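Participant: In this text, residue positions in the sequence shown follow this note's numbering: the first is 10, and each later residue adds one. The beta carbon of each residue, even a glycine, is placed where N, CA and C say it ideally should be. Source: prediction; values computed, not measured. Got a structure for you, questions after.
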Amino acid sequence: MVEVRTLKEGNYIKIDGVPCKIISKTSGKTSKHGSAKVVITAVGIFDGKKREWAGPVSSNVEVPMILKKKGQVVSIQGNTAQIMDTESYEMFDLIIPKDRELKEGEEISYIEVEGKRGLQEK
Numbered sequence: 010m011v012e013v014r015t016l017k018e019g020n021y022i023k024i025d026g027v028p029c030k031i032i033s034k035t036s037g038k039t040s041k042h043g044s045a046k047v048v049i050t051a052v053g054i055f056d057g058k059k060r061e062w063a064g065p066v067s068s069n070v071e072v073p074m075i076l077k078k079k080g081q082v083v084s085i086q087g088n089t090a091q092i093m094d095t096e097s098y099e100m101f102d103l104i105i106p107k108d109r110e111l112k113e114g115e116e117i118s119y120i121e122v123e124g125k126r127g128l129q130e131k
């Protein structure tokens, strides 16, 4: 758990149990009856859906544990790439996003969050 006031754009947060990357954070002034409020807009790491969270700046929120790893593209079939982790030599499949182009033999960066994997943005 992390206090909301310490988060910045580009950090990761869990909204409704979904790991997301923060794309904007806006805070309002304090009112005479309470603390400052903040609105966080974030995009789901794996589904790309936009989500919002709102609450006091002193709130604690859950932050996902993100592992950044390197891999190599072994083969490509349709929109799926077979990847080999360059450290453990483990083989697995990743779905290639529509806006991304991969080539066989290419070195890539990917992230692993709670057992799920996805390509990291370039």
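On a CA-only basis, which of T50, I31, K77 is nearest G124? Give me that one, please.
Facilitator: Reading the sequence shown from its first residue, position 115 is the one you call residue 124. With distances taken between Cα atoms, G124 lies closest to K77.
Participant: Indicate whether T35 and V52 have their beta-carbon atoms separated by less than 9 Å.
Facilitator: Position 26 of the sequence shown, counting from 1, holds the residue named residue 35. Position 43 of the sequence shown, counting from 1, holds the residue named residue 52. The answer is no: Cβ separation not under 9 Å.
Participant: Under 9 Å, do I75 and E121 count as touching if we go by C-beta distance?
Facilitator: Here residue 75 refers to the residue found at position 66 of the sequence shown. Here residue 121 refers to the residue found at position 112 of the sequence shown. Yes, the pair counts as a contact, with Cβ atoms nearer than the cut-off.
Participant: Express the C-alpha separation of I22 and V13 in angstroms, rounding to a whole number.
Facilitator: Here residue 13 corresponds to residue number 4 of the sequence shown, with the count starting at 1. Here residue 22 corresponds to residue number 13 of the sequence shown, with the count starting at 1. Approximately 9 Å between the Cα atoms of the pair.
Participant: Between the alpha carbons of K38 and V66, how many angstroms are there, rounded?
Facilitator: Residue 38 sits at position 29 when you count from the first residue of the sequence shown. Residue 66 sits at position 57 when you count from the first residue of the sequence shown. Distance between the alpha carbons of K38 and V66: 11 Å.
Participant: Looking at the unbroken beta strand (DSSP E) that takes in P65, where does it start and where does it end?
Facilitator: On the sequence shown, residue 65 is found 56 positions in, with the first residue counted as 1. P65 -> beta strand (DSSP E) spans 59–65.
Participant: Under 9 Å, do I105 and I85 count as touching if we go by C-beta distance?
Facilitator: Walking along the sequence shown from the start, residue 105 turns up at place 96. Walking along the sequence shown from the start, residue 85 turns up at place 76. Closer than 9 Å, so yes.
Participant: Assuming V11 contacts R60 (C-beta within less than 8 Å), just tell me the rounded distance between them.
Facilitator: Translated into positions along the sequence shown, residue 11 becomes position 2. Translated into positions along the sequence shown, residue 60 becomes position 51. Contact flag wrong, Cβ pair sits at about 17 Å.
Participant: What's the call for R109, buried or exposed, on a 16-neighbour Cβ count within 10 Å?
Facilitator: Here the question's residue 109 lines up with position 100 in the sequence shown. Exposed, because fewer than 16 other Cβ atoms sit within 10 Å of the Cβ of R109.
Participant: Can you name, in chain order, every residue of its own chain whose Cβ lies under 7 Å from the Cβ of S44, other than the five neighbours on each side?
Facilitator: If you number the sequence shown from 1, residue 44 lands on position 35. Excluding residues within five positions, the ones whose Cβ falls inside 7 Å are P65, V66, S67.
Participant: Below 8 Å, is the gap between the Cβ of V82 and the nearest heavy atom of the ligand NAP?
Facilitator: Among the ligands in the structure shown, none appear at all, so the ligand NAP cannot be discussed.
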